Amino acid sequence: MPTFNQGARIIQMFQQLLNGQQKRRDQFGLIQDEFIQIQDQTTTFPRMLYNADASHLEPPRYPAGIPINNLPATRRELETFTGPQLQVAVQVLELSVLRELFDSLSTM
């Protein structure tokens with residue numbers, strides 16, 4: 057019988073090892089996701105700072121690959137956008153927080 061107990065212990069230890077590996081894989085996945093988010097922010101922040109400081113006549117900087125035909129050409133033009141125009145701009149720029157705000161306001 058001692059051999060059976062040893063086999064069960066070995067299986068238990070092996071299972072603990074596998075569980076530990078899976079936990080580390082999960083943690084590594086979370087770290088990868090955070091790293092990707094940080095990389096995205098390092099490319100986004102300079103554009104955001106430029107747009108925040110731009111004059112009313114300067115064209116805003118948009119992310120690469122965004123079709124700009126429905127977006128304001130200047131900050132001054134943005135100030136004249138109507139609600140539907142803003143909703144289109146929010147969708148084009150994939151600004152989910154603003155989209156949720158528009159959705160909540162439209163149900164009121």
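So the mapping is simple: the numbering used here equals the position in the sequence shown, first residue as 1, plus 56.
We put the beta carbon where it would ideally sit given N, CA and C, even for glycine.
From a predicted model like this one, the values you see are computed outputs, not experimental measurements.
Query: Boundaries (first-last residue) of the alpha helix (DSSP H) holding GLU133; Result: 131 to 135
Query: Beta-carbon proximity of GLU114 to THR130, cut-off 8 Å; Result: yes
Query: For GLY139, the first and last residue of its enclosing alpha helix (DSSP H); Result: 139 to 148
Query: Nearest residue (CA-CA) to GLN147, options THR136, PHE84 and ILE122; Result: ILE122
Query: Selected residue, minimal CA-CA separation from PRO102, among GLU90, MET69, ASN126 and PRO116; Result: PRO116
Query: Cβ-based neighbour list, GLN95, same chain, cut-off 6 Å, excluding 5 preceding and 5 following; Result: none
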